[in-house]
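K.L.:
Below are the structure tokens for one structure; questions will follow.
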Amino acid sequence: MANASGPLDSISQAYWDGVARNELVVQKCSDCGRLRHYPQVLCPACHSFQLTHVSLSKAGTVHSWTVSEHSFDKEIAPDVPYTLVTVDMQEGIRILGRFDSAGLPTMGESVSLSFEPNINSTLIPVFRPAGAL
Amino acid sequence: MTKSEAAERRAALRAQAAVVGIGETEYSRNSSKSAMELQFEASLKAIDDAGLSPHDIDGVIPIGITGAPAEDYIINLGISDLRFSALIPHGGASGIGALQAAAVAVASGIATNVLVTSGRNVSSGARAGARIHQMPQFHLVTEFEREVGAIAPAQLYAPMARRHMELYGTTSANFAEIAVSTRDHAVHNPNAIMRKPITADDHAASRMITDPFRLLDCSLESDGGAAFVVTTSEQARDRRHPLVEILGIAMGHPDSPNSITQRGSLTSVGVAKAAQIAFDMAQVDHSDIQVAEIYDCFTYVVLCQLEDLGFCAKGEGGDFVMDGKLRRGGSMPTNTHGGLLSQAHMLGMNHIVELVRQLRGAEGIRQVPGASIGLATGYGDMGDGGVAIMRGAHNG
């Protein structure tokens with residue numbers, strides 16, 4: 000599936016491979032166990048290069064959001080208005096995704112994550128209120 | 000080196016460097032000149048204002064991604080011996096970062112006259128939402144957030160403002176006060192793009208861009224150039240204009256500086272780490288600040304910085320601005336040029352130029368009466384910050 004390829008995609012390949020399986024995969028330091036996201040070279044706590052990848056739960060709570068009414072790009076115009084939501088995942092990292100619900104998110108609201116195609120067929124994080132289908 | 004030794008060394012830089020020349024082009028939304036032409040036009044004005052010849056420049060710091068490299072300054076200005084150059088890649092915090100670098104360079108004798116300069120022509124080119132994805136510091140946003148729909152800076156910053164509103168009860172009316180007071184300053188500035196007065200009702204009626212930011216919460220896209228020249232305080236005395244020198248200056252970066260999403264606290268920015276260092280170095284208190292030029296890419300960013308600078312506690316910024324203190328005649332007139340919201344988006348270089356004007360004491364109708372100590376901030380990319388506290392000698 001499409002991946003916004005950049006100079007650092009070698010260190011983010013495991014994340015994008017996980018996305019293709021509808022899994023949230025993040026880096027974990029092999030030495031001190033710290034989780035980190037977005038992908039980076041060193042553990043900022045112990046400075047180890049050694050890492051594994053772990054698949055997280057897809058449960059989180061709303062940290063903040065914005066409803067975009069202006070179309071900042073003609074490609075995205077059909078989606079406007081849409082809601083971007085910043086989510087604290089249960090294990091401690093954050094994910095920015097679309098919020099798919101009739102209403103606005105609220106602070107601390109429980110949400111669940113899935114990866115779904117956007118208008119360009121790129122898989123992106125989409126959150127819905129926990130329990131919603 | 001201990002913390003107190005470092006503070007002593009910083010204190011030794013207090014009042015050692017000065018902004019001796021300033022220059023700005025006309026600001027517009029339709030310049031026919033290239034970014035490079037605008038940059039050189041502002042540069043020549045600043046050099047002339049300093050009473051110098053272009054041949055006297057021996058240090059250059061170009062600002063912004065449209066900046067010409069130092070080599071272009073050598074050939075265009077005819078510099079025979081450039082001794083110092085630097086790049087400060089922190090967006091709207093680059094001007095303060097460059098002022099800091101230039102101050103260190105002249106105070107240490109590495110260079111004598113350092114030119115800091117910027118020029119941009121964005122009205123005919125790509126909008127901010129396209130430009131940021133060309134910049135390396137946005138690579139995480141480009142890879143992980145752009146396809147989600149977070150395209151432009153407004154969308155990256157809006158969740159910071161929303162979080163602040165939810166935690167502290169900050170309202171859009173608080174943002175409106177900043178938009179309205181800034182516009183009123185611009186009304187009195189002939190070189191401001193937006194000079195029609197606005198009210199809080201106009202703000203509330205302006206279209207929603209990305210909640211909570213309405214159109215009148217957002218800065219302009221503009222064309223122009225701004226520049227200044229830094230030399231030692233000693234050299235700057237007895238020039239054409241009263242001495243304006245740097246008392247305290249510091250830069251600070253937020254945690255997770257290249258991803259707001261991953262930042263522990265969404266409601267604080269880099270200048271929070273710089274503020275106390277700058278105030279200590281300057282040996283002034285907040286109550287000494289008579290005029291402030293605070294980076295205003297969005298209204299909320301002014302409110303957040305007022306808190307992070309220590310003018311009020313975190314969460315109190317909304318109430319803090321509502322008594323009119325930022326307005327003309329208020330206790331701390333802020334963005335007296337009209338800022339990025341209403342004068343022009345010149346990367347905060349216009350904030351530094353305006354502070355120098357105010358501290359020279361001859362700004363006419365815009366002059367904050369008796370202003371001799373003031374402050375300018377920068378805010379770049381996803382929250383890089385800088386603050387400079389300066390003093391003008393015109394009042395003694």
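Residue numbers (numbering that gives the first Met the number 0), protein chains in the order written: chain A, 0 to 132; chain B, 0 to 395.
In this text, a Cβ means the ideal position worked out from N, Cα and C, and glycines have one as well.
Note that the structure is a prediction, hence the values are computed from the model and not measured.
1. Starting from aspartate 72 of chain A, trace the beta strand (DSSP E) both ways and give me its first and last residue.
2. Do you know offhand how far asparagine 2 of chain A's Cα is from tyrosine 37 of chain A's?
3. For arginine 238 of chain B, collect the residues of the same chain with a Cβ closer than 8 Å to its Cβ; drop the 5 residues on either side in sequence, then sort them by chain order.
4. Are glycine 360 of chain B and histidine 336 of chain B closer than 7 Å when you measure CB to CB?
5. Which residues in chain B sit within 7 Å of isoleucine 123 of chain A, going by Cβ to Cβ distance?
6. Does any residue of chain B bring its CB to less than 7 Å from the CB of methionine 0 of chain A?
7. Fully enclosed by the stretch 80 to 131 of chain A, which beta strand (DSSP E) runs are 3 residues long or longer?
8. Can you grab the Cα-Cα spacing for the pair glycine 130 of chain A / alanine 101 of chain A, in whole Å?
9. Kindly give me the distance between the Cβ atoms of alanine 35 of chain A and valine 25 of chain A, rounded to whole angstroms, as I take these residues to be in contact under 8 Å.
10. Does chain A have any CB closer than 7 Å to the CB of glutamine 136 of chain B?
11. I need the straight-line Cα distance from threonine 182 of chain B to leucine 325 of chain B, nearest angstrom please.
12. Are the C-beta of glutamate 115 of chain A and some C-beta of chain B separated by less than 7 Å?
13. Is isoleucine 276 of chain B helix, strand or coil by DSSP?
14. Could you name the residues of chain A that arginine 161 of chain B contacts, counting a contact when the two beta carbons are closer than 8 Å?
15. Just the C-alpha distance for alanine 16 of chain B and leucine 214 of chain B, rounded to the nearest angstrom, thanks.
16. Of all the options B:Ile78, B:Asn120 and B:Val352, which has the alpha carbon lying nearest to the alpha carbon of glutamate 244 of chain B?
17. Glutamate 353 of chain B lies in the beta strand (DSSP E); which residues open and close that run?
18. How about alanine 274 of chain B and leucine 308 of chain B: do their beta carbons lie closer than 7 Å?
19. Look at the alpha carbon of alanine 404 of chain B and the alpha carbon of arginine 9 of chain B, and state the distance between them as a whole number of angstroms.
20. Are the beta-carbon atoms of tyrosine 396 of chain B and glycine 223 of chain B separated by less than 7 Å?
21. Please report how far the alpha carbon of serine 63 of chain A lies from the alpha carbon of histidine 46 of chain A, in whole angstroms.
22. Leucine 397 of chain B: which of B:Pro152, B:His89, B:Pro68 and B:Ala104 sits nearest, CA to CA?
23. Mind listing the chain B neighbours of arginine 93 of chain A? Cutoff is C-beta to C-beta under 9 Å, in chain order.
24. Measuring CB atoms only, is the stretch 107 to 120 of chain A touching the stretch 66 to 73 of chain A, in the sense that at least three cross pairs come out at less than 8 Å?
25. To the nearest angstrom, report how far apart serine 267 of chain B and methionine 159 of chain B are at their CA atoms.
26. With H, G and I counted as helix, E and B as strand and the rest as coil, what does DSSP make of glutamate 25 of chain B?
27. Does any residue of chain B bring its CB to less than 7 Å from the CB of threonine 60 of chain A?
28. Going by DSSP in three states, aspartate 322 of chain B sits in which element: helix, strand or coil?
29. Looking at the structure shown, is arginine 8 of chain B part of a helix, part of a strand, or coil, going by DSSP?
30. For phenylalanine 48 of chain A, would you say it is in contact with chain B, using Cβ-to-Cβ distances shorter than 7 Å as the test?
P.N.:
If we stick to the structure as given:
1. The residue given as residue 72 of chain A occupies position 73 in the first sequence. Element bounds for aspartate 72 of chain A: n/a, residue is neither H nor E.
2. Residue mapping note: residue 2 of chain A aligns to position 3 of the first sequence, counting from 1. Residue mapping note: residue 37 of chain A aligns to position 38 of the first sequence, counting from 1. Low local confidence applies: a pLDDT of 41 at asparagine 2 of chain A is under 50, so the model's placement there is unreliable, and no value is given.
3. To locate residue 238 of chain B, count along the second sequence from 1; it is residue 239. Within the same chain, arginine 238 of chain B has close Cβ partners Val19, Ala49 and Gly50.
4. Residue 360 of chain B sits at position 361 when you count from the first residue of the second sequence. Residue 336 of chain B sits at position 337 when you count from the first residue of the second sequence. Not a contact, by the Cβ cut-off of 7 Å.
5. Against the first sequence, residue 123 of chain A aligns to sequence position 124. For a Cβ distance threshold of 7 Å, residue set Glu146 and Val147 of chain B lies close to isoleucine 123 of chain A, ordered along the chain.
6. On the first sequence, position 1 is the one that residue 0 of chain A refers to. In this prediction, methionine 0 of chain A scores a pLDDT of 35, lower than 50, which makes its location untrustworthy; no coordinate-derived value is stated.
7. Runs of the beta strand (DSSP E) lying entirely within the stretch 80 to 131 of chain A, each at least 3 residues long, are 81 to 88, 93 to 98, 109 to 116 and 122 to 128 in chain order.
8. If you number the first sequence from 1, residue 130 of chain A lands on position 131. If you number the first sequence from 1, residue 101 of chain A lands on position 102. Distance from the CA of glycine 130 of chain A to the CA of alanine 101 of chain A, rounded to the nearest whole angstrom, comes to 14 Å.
9. Walking along the first sequence from the start, residue 35 of chain A turns up at place 36. Walking along the first sequence from the start, residue 25 of chain A turns up at place 26. Correcting the residue type first, residue 35 of chain A is arginine in the shown sequence and not alanine. About 7 Å separates the two Cβ atoms, so the contact holds.
10. The sequence position of residue 136 of chain B within the second sequence is 137, counting from 1. For glutamine 136 of chain B, the answer is no, since every Cβ of chain A falls outside 7 Å of its Cβ.
11. Working through the second sequence from its first residue, we reach residue 182 of chain B at position 183. Working through the second sequence from its first residue, we reach residue 325 of chain B at position 326. Looking at the sequence itself, residue 182 of chain B is arginine, so the reference to threonine does not match. Roughly 11 Å between the two C-alpha positions.
12. What you label residue 115 of chain A is simply residue 116 of the first sequence in a count that begins at 1. Taking a beta-carbon distance threshold of 7 Å, glutamate 115 of chain A does not count as an interface residue toward chain B.
13. Your numbering for residue 276 of chain B matches position 277 in the second sequence. In the structure shown, isoleucine 276 of chain B falls within a helical segment according to DSSP collapsed to helix, strand and coil.
14. Taking the second sequence and counting its residues from 1, one reaches residue 161 of chain B at position 162. By Cβ distance, chain A contributes Ser63, Trp64 and Thr65.
15. Start at 1 with the first residue of the second sequence, and residue 16 of chain B comes out as number 17. Start at 1 with the first residue of the second sequence, and residue 214 of chain B comes out as number 215. In a straight line, the C-alpha of alanine 16 of chain B is about 39 Å away from that of leucine 214 of chain B.
16. Stepping through the second sequence from its first residue, residue 244 of chain B is reached at position 245. Considering only alpha carbons, the answer is B:Val352.
17. Within the second sequence, the letter at position 354 stands for residue 353 of chain B. First-last for glutamate 353 of chain B: 348 to 359, but that is the alpha helix (DSSP H), not the beta strand (DSSP E).
18. For this step, residue 274 of chain B is matched to residue 275 along the second sequence. For this step, residue 308 of chain B is matched to residue 309 along the second sequence. Yes, Cβ-Cβ distance for alanine 274 of chain B and leucine 308 of chain B is below 7 Å.
19. In the structure as shown, chain B starts at 0 and stops at 395, and residue 404 of chain B therefore has no counterpart that could be examined.
20. It is not possible to answer for residue 396 of chain B, since the shown part of chain B is limited to 0 through 395.
21. Within the first sequence, residue 63 of chain A is the residue found at index 64, counting from 1. Within the first sequence, residue 46 of chain A is the residue found at index 47, counting from 1. The straight-line gap from Cα to Cα measures roughly 30 Å.
22. No information on residue 397 of chain B is available, as it lies outside the stretch 0 to 395 that chain B covers here.
23. Working through the first sequence from its first residue, we reach residue 93 of chain A at position 94. By Cβ distance, chain B contributes Ser258, Thr260, Gln261 and Arg262.
24. no
25. Indexing the second sequence from 1 puts residue 267 of chain B at position 268. Indexing the second sequence from 1 puts residue 159 of chain B at position 160. Roughly 9 Å separates the two Cα atoms.
26. As a working mapping, residue 25 of chain B is identified with position 26 in the second sequence. Coil.
27. Translated into positions along the first sequence, residue 60 of chain A becomes position 61. It does not: the Cβ of threonine 60 of chain A has no partner Cβ on chain B nearer than 7 Å.
28. In the second sequence, counting from the first residue as 1, residue 322 of chain B sits at position 323. Look at aspartate 322 of chain B here: in three-state DSSP terms it is coil, with no helix or strand label.
29. Taking the second sequence and counting its residues from 1, the one referred to as residue 8 of chain B is at position 9. Secondary structure of arginine 8 of chain B (DSSP, three-state): helix.
30. For this step, residue 48 of chain A is matched to residue 49 along the first sequence. Taking CB atoms only, phenylalanine 48 of chain A has no neighbour in chain B less than 7 Å away.
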